[in-house]
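Numbering (the working numbering), first residue to last: 158 to 494.
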Amino acid sequence: MTPERRAAFANLVAGFCQEAAAGDLVLVEVVAATAAVGRSVAEALGARGAEALLVDLDDPRGAATDEALWRRLTGYVSLRTVAAAPADRPEPSATVRQLRMTLRKTSTYLPDVALAARAGMSEAQLADYYAGLLHLDDPDPVVGFHALRDRQEALLARLRAARTVRIEGDGTDLTLSTAGRGWVNSYGRRNVPSGEMYTSPVETSAHGVIRFDVPSYNFPERVAGVTLEFDRGRLERATAVEGEATLTRRLAVDAGARVVGELGIGGNERMTRFLGATLFDEKTAGTVHLALGKSYPQTGGLNDSALHWDLIKDLRGGGRISLDGEIFAENGVFVGA
158 MTPERRAAFA NLVAGFCQEA AAGDLVLVEV VAATAAVGRS VAEALGARGA
208 EALLVDLDDP RGAATDEALW RRLTGYVSLR TVAAAPADRP EPSATVRQLR
258 MTLRKTSTYL PDVALAARAG MSEAQLADYY AGLLHLDDPD PVVGFHALRD
308 RQEALLARLR AARTVRIEGD GTDLTLSTAG RGWVNSYGRR NVPSGEMYTS
358 PVETSAHGVI RFDVPSYNFP ERVAGVTLEF DRGRLERATA VEGEATLTRR
408 LAVDAGARVV GELGIGGNER MTRFLGATLF DEKTAGTVHL ALGKSYPQTG
458 GLNDSALHWD LIKDLRGGGR ISLDGEIFAE NGVFVGA
């Protein structure tokens, strides 16, 4: 990342994402490859009067299990890469995981050689693509994020009025109820660069089958070609072309892992290719994703699980989303938008 882009990124995170102010205490999590950018973010937070605590995730003395510290924080920033975590990295306690959910959180994967390889790009190409997603070369990057917010808000008017969502496509015909549930406009404050509209569907409503065609690298094993079959909200059958053992293992973590915890619709039109990182790929306009496991209480979701696993379907090659029988998106294009 060039010095100019690094400064723009740091100011974006400190201002737009964290809205940092005097008296705030923000934890900035880094790994070795992101430490320099993390220092810039810490400086930008300090310039706004906040106190920044820079923590190396790979340091066994790190803050992952320091519950007293997490109770003092007002926000945290996670700057990682897609490289697998060391086996001895300390895992956060259940209390810390709960505390994280109450904080202003900003997460991103920074470009590196591993992400470039997954995306089939050179490091320079990926750096330029990432900068474009975040508007880092624009005079004011926030303008682009506000435009994304406004586009999605117009679509959300229709989503919030609907009671039933139907997804159709290759190997897919799935119906979900969103009656009484809230929808969230995610446009770059929590996940960077973001661009999605999501909710937690009624837990007993999923019915039908869905085939996901975008690989997942979450564990960090690659899982691809996942097909899920639901009846009255419960996952009855799950298969994968690649990584089925991982799929089976993750679904066995608890009873809530076999329930849909999230329905998300990608809305970021600047995302034109998949990078092999769910944090980015699920935001691509023309895609839809479901998360198995934990739902979002702020949307009215009631499902609890240690799992929250997003799986993505690309509708741009043929597929549709319908709301109460009316077409909302066809072949990845929002109808009437």
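Note that the Cβ used here is the ideal one computed from N, Cα and C, for glycine as well.
Owing to the predicted nature of the structure, the values given are computational and were not obtained by experimental measurement.
In terms of alpha-carbon separation, which member of Ser-235, Thr-222, Leu-432 lies closest to Ala-251? Thr-222
Any chance the region 196-203 sits against the region 169-185, with 3 or more Cβ pairs inside 8 angstroms? yes
Could you tell me if the beta carbon of Asn-342 falls within a distance shorter than 7 angstroms of some heavy atom in the ligand GDP? The ligand GDP is not part of this structure, which contains no ligands at all.
Find out if the Cβ-Cβ distance for the pair Thr-259, Val-341 is shorter than 8 angstroms. no
Using only the alpha-carbon positions, how far apart do Gly-232 and Phe-387 sit? 37 angstroms
Could you tell me which residues DSSP puts in a beta bridge with Glu-487? Arg-477, Val-490
Suppose the cutoff is 8 angstroms on Cβ atoms and the five residues either side in sequence are ignored; what does the same chain contact list for Ala-273 look like? Ser-279, Glu-280, Gln-282, Leu-283
Sorted by chain position, which residues of the same chain lie with C-beta nearer than 7 angstroms to Val-492's C-beta, five sequence neighbours on each side aside? Ile-484, Phe-485, Ala-486
Look at the alpha carbon of Gly-443 and the alpha carbon of Arg-430, and state the distance between them as a whole number of angstroms. 11 angstroms
Just the C-alpha distance for Arg-275 and Asp-285, rounded to the nearest angstrom, thanks. 16 angstroms
With distances taken from CA atoms, which of Glu-399, Val-212, Val-198 is nearest Arg-379? Glu-399
Could you say which of Leu-256, Glu-419, Ser-264, Leu-214 lies nearest to Gln-175 if we only look at CA atoms? Ser-264
Does Ala-165 come out as helix, strand or coil in the three-state DSSP assignment? helix
State the start and end residues of the unbroken alpha helix (DSSP H) segment that holds Thr-403. 401-408
Classification of Asp-327 by the beta-carbon crowding that lies within 10 angstroms, buried from 16 upward: exposed
Applying the 10 Å Cβ sphere with the 16-neighbour rule, what's the burial state of His-474? For the sequence presented, residue 474 should be read as Gly rather than His. The residue in question, Gly-474, is exposed, as its Cβ has fewer than 16 Cβ neighbours within 10 Å.
Going by CA-CA distance only, name the one from Asp-330, Gly-301, Ala-314, Arg-368 that's closest to Tyr-344. Gly-301
Looking at C-beta atoms only, is the number of pairs between the region 331-339 and the region 363-374 that lie closer than 8 angstroms three or more? yes
What ranges does the beta strand (DSSP E) occupy inside the region 257-323, keeping only unbroken runs of at least 3 residues that lie completely in it? 261-266
State the DSSP-derived secondary structure class of Gly-418, mapped to helix, strand or coil. strand
Is the region 403-416 touching the region 433-442, taking contact as three or more C-beta pairs under 8 angstroms? no
Thinking C-beta only, is Ile-478 closer than 8 angstroms to Val-371? no
DSSP three-state assignment for Glu-353, whether helix, strand or coil: strand
Span of the beta strand (DSSP E), counted from its first residue to its last, around Ala-448: 444-450
What are the residues that DSSP puts in a beta bridge with Trp-466? Leu-449
In this structure, how does DSSP classify Phe-560 when only helix, strand and coil are distinguished? Nothing about residue 560 can be read from this structure; the chain reaches only from 158 to 494.
Can you tell me the Cα-Cα spacing of Gln-309 and Leu-256, whole angstroms? 29 angstroms
How should Asn-488 be labelled, buried or exposed, when 16 other C-beta atoms within 10 angstroms of its C-beta is the threshold for buried? exposed
Mind checking whether Val-194 and Leu-236 have CB atoms under 8 angstroms apart? yes
Are Val-234 and Val-299 closer than 8 angstroms when you measure CB to CB? no
Status (buried if at least 16 other CB within 10 Å, exposed otherwise) for Asp-481: exposed
Can you name, in chain order, every residue of its own chain whose Cβ lies under 6 angstroms from the Cβ of Tyr-287, other than the five neighbours on each side? Pro-268
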